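Residue 152 in the UniProt record's numbering sits at position 152 of the sequence shown; the count goes up by one each step and never skips. Step one of this worksheet: look at the structure below.
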Amino acid sequence: VALLMLSMLPTLREAILHHLNSESLTTLLKSKPANKLDIWEDLKIISFTRSVVAVYSTCMLVVLLRVQLNIIGGYLYLDNSVSKSGMMPLAPPDVQQQYLSSIQHLLGDGLSEMITEVKKAVQNTLGGVSLKQSLSLQELEQHLNQIRAQVEEGDGGSTHRPLSWYMMPDEENTLAAQACGLTENDITTIKLLNETRDMLESPDFGTVLNTCLNRGFNRFLDNMAEFFRPPPGAQGDSTPITTPDSLSHVSLPVAKIIPIVNGQIHSICSEIPSHFVQDLLMIDQVKEFAANVYETFSTSHELQK
Numbered sequence: 001v002a003l004l005m006l007s008m009l010p011t012l013r014e015a016i017l018h019h020l021n022s023e024s025l026t027t028l029l030k031s032k033p034a035n036k037l038d039i040w041e042d043l044k045i046i047s048f049t050r051s052v053v054a055v056y057s058t059c060m061l062v063v064l065l066r067v068q069l070n071i072i073g074g075y076l077y078l079d080n081s082v083s084k085s086g087m088m089p090l091a092p093p094d095v096q097q098q099y100l101s102s103i104q105h106l107l108g109d110g111l112s113e114m115i116t117e118v119k120k121a122v123q124n125t126l127g128g129v130s131l132k133q134s135l136s137l138q139e140l141e142q143h144l145n146q147i148r149a150q151v152e153e154g155d156g157g158s159t160h161r162p163l164s165w166y167m168m169p170d171e172e173n174t175l176a177a178q179a180c181g182l183t184e185n186d187i188t189t190i191k192l193l194n195e196t197r198d199m200l201e202s203p204d205f206g207t208v209l210n211t212c213l214n215r216g217f218n219r220f221l222d223n224m225a226e227f228f229r230p231p232p233g234a235q236g237d238s239t240p241i242t243t244p245d246s247l248s249h250v251s252l253p254v255a256k257i258i259p260i261v262n263g264q265i266h267s268i269c270s271e272i273p274s275h276f277v278q279d280l281l282m283i284d285q286v287k288e289f290a291a292n293v294y295e296t297f298s299t300s301h302e303l304q305k
């Protein structure tokens with residue numbers, strides 16, 4: 001899982017950077033344009049959106065890959081058993097490839113939709129926060145929690161989509177795309193995708209993903225905390241005090257926070273084994289859930305239907 005995960009992170013990072021291109025705005029600012037303030041406002045929304053999207057999508061990628069690989073693992077275990085009795089394999093290589101390629105939804109349409117939702121939540125939460133206003137780490141965390149609440153629970157407006165929606169294409173889309181001349185393998189792949197979708201919509205999966213997201217956003221705030229530390233000797237003392245309490249007294253203007261937030265995507269979506277991804281891969285609840293998925297799919301009661 002770790003290697004597959006790390007190999008996909010550059011693709012994810014490039015997709016996010018393509019959709020949320022803050023570099024073009026920072027280049028514009030260097031030319032000292034008349035509408036400098038407007039550009040800074042755009043930069044504020046884009047930099048927060050891309051970091052929040054990076055946390056969501058990386059967490060989703062970790063958990064979704066775990067689920068998919070364990071479903072395939074369960075099928076392969078059964079195939080290994082049935083091949084001895086001369087039966088047809090349940091998940092031949094073509095099916096495995098077709099099934100695992102469904103992760104492209106999260107890197108494509110799912111990501112675009114998520115960016116739209118997150119951007120709306122960031123705009124609602126931070127749109128009115130002045131660039132000159134100073135925020136402490138605690139206030140930054142409160143803003144992040146507000147953004148998360150809107151993305152995960154909706155704002156009471158239009159119909160709200162569950163997070164699983166960004167991870168898998170709609171059932172109808174899957175079937176429609178293949179409606180003309182479905183092969184036996186296509187039908188098996190669709191069955192696998194439907195079983196995965198059921199798994200993603202289960203309360204247990206929701207709990208596991210939420211654990212991952214909490215860990216991911218905490219790690220993001222830990223990274224941010226580095227920039228809120230008072231410089232050594234600032235308290236007339238040679239050793240910098242870095243207790244959470246001392247950090248709560250440090251505030252930075254939003255204009256200074258923006259570049260820090262903007263750069264976070266490079267440590268979140270880093271293919272060099274980073275604390276961020278390692279943290280997510282080591283969460284016990286994720287491992288246990290994956291083991292349960294494997295157990296479910298390696299027992300043959302369901303699979304012959």
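Every residue, glycine too, gets a C-beta built ideally from N, C-alpha and C. Just so it is clear, the structure is predicted and the values come from calculations on it, not from any experiment.
When C-alpha distances from residue 198 are compared across 56, 59, 68 and 22, the shortest belongs to 68. For residue 202, the three-state secondary structure derived from DSSP is coil. Measuring C-alpha to C-alpha distances from residue 3 to each of 285, 287, 148 and 277 identifies 277 as the nearest. Taking 7 angstroms as the cut-off, the beta carbon of residue 212 is found no closer than this to the beta carbon of residue 9.
Collapsing the DSSP output to three states places residue 259 in a helix. Rounded to the nearest angstrom, the gap between the Cα atoms of residue 130 and residue 265 is 23 angstroms.
Annotation note: the stretch 33-112 contains the following uninterrupted alpha helix (DSSP H) runs of length 4 or greater, listed N- to C-terminal: 36-83, 93-100 and 104-107. The beta carbons of residue 95 and residue 183 sit no closer together than 7 angstroms.
In this chain, the alpha helix (DSSP H) harbouring residue 17 covers 2-19. With distances taken between CA atoms, residue 55 lies nearest to 148 out of 299, 101 and 148.
Closest in alpha carbon position to residue 219, among 51, 25 and 5, is 51. Annotation note: the stretch 112-176 contains the following uninterrupted alpha helix (DSSP H) runs of length 4 or greater, listed N- to C-terminal: 137-153. Residue 145 and residue 191 have their C-alpha atoms spaced approximately 37 angstroms apart. The beta carbon of residue 285 sits closer than 6 angstroms to the beta carbons of 208 and 211 from its chain, once the five residues preceding and following it are set aside; these are given in chain order. Counted as a single uninterrupted DSSP element, the beta strand (DSSP E) harbouring residue 251 occupies residues 251-253. In the three-state scheme derived from DSSP, where H, G and I count as helix and E and B as strand, residue 269 is classed as coil. Here the C-alpha atom of residue 140 lies approximately 9 angstroms from the C-alpha atom of residue 224. For residue 24, the enclosing alpha helix (DSSP H) begins and ends at 23-30. Below 8 angstroms, too few C-beta pairs join the stretch 69-79 and the stretch 162-169 to call them touching: fewer than three.
When 33, 45 and 29 are compared, the shortest CA-CA separation from residue 254 is found for 45. Taking the Cβ atoms as the reference, residue 74 lies roughly 4 angstroms from residue 298, within the contact range of under 8 angstroms. Annotation for residue 151: 117, 118 and 121 place their beta carbon closer than 7 angstroms to its own, counting only its chain and skipping 5 residues before and after.
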